[in-house]
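Residue numbers (my numbering): 805 to 905.
Every residue gets a Cβ at the ideal spot worked out from N, C-alpha and C, and that includes glycine.
Shown next, in structure tokens, is the structure this report addresses.
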């Protein structure tokens, strides 16, 4: 499945990084940390290499996509619009948001 393939790729890279840098632990956060497939694969692979893995409780594994969507809806409801050709800006400050409209 897609989930299995992504979890396998992330696990392989995380373990390789930990080994390359002689790390004894990996911490996982964000929305991806809620994925049960990733949790299982990473814990298994890490245990095989004597690496600890830390996941936050599920209630703290949030993703900003919902928050961004709510903010976008609020702007839309206020009549704000921007051109279709607008470029993505991954590091925009909150103070600069109105530059988009």
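Alpha-carbon spacing of residue i relative to residue j, whole angstroms
i: residue 893; j: residue 812; result: 29 Å
i: residue 871; j: residue 899; result: 17 Å
i: residue 883; j: residue 897; result: 21 Å
i: residue 820; j: residue 864; result: 26 Å
i: residue 901; j: residue 879; result: 10 Å
i: residue 809; j: residue 887; result: 36 Å
i: residue 843; j: residue 905; result: 40 Å
i: residue 852; j: residue 861; result: 23 Å
Pair within 8 Å by beta-carbon distance, residue i and residue j
i: residue 866; j: residue 835; result: yes
i: residue 855; j: residue 831; result: no
Assumed close pair residue i, residue j - CB separation to whole angstroms, cut-off 8 Å
i: residue 859; j: residue 837; result: 5 Å
i: residue 818; j: residue 846; result: 6 Å
Bridge partners - residue i, DSSP secondary structure assignment
i: residue 831; result: 858
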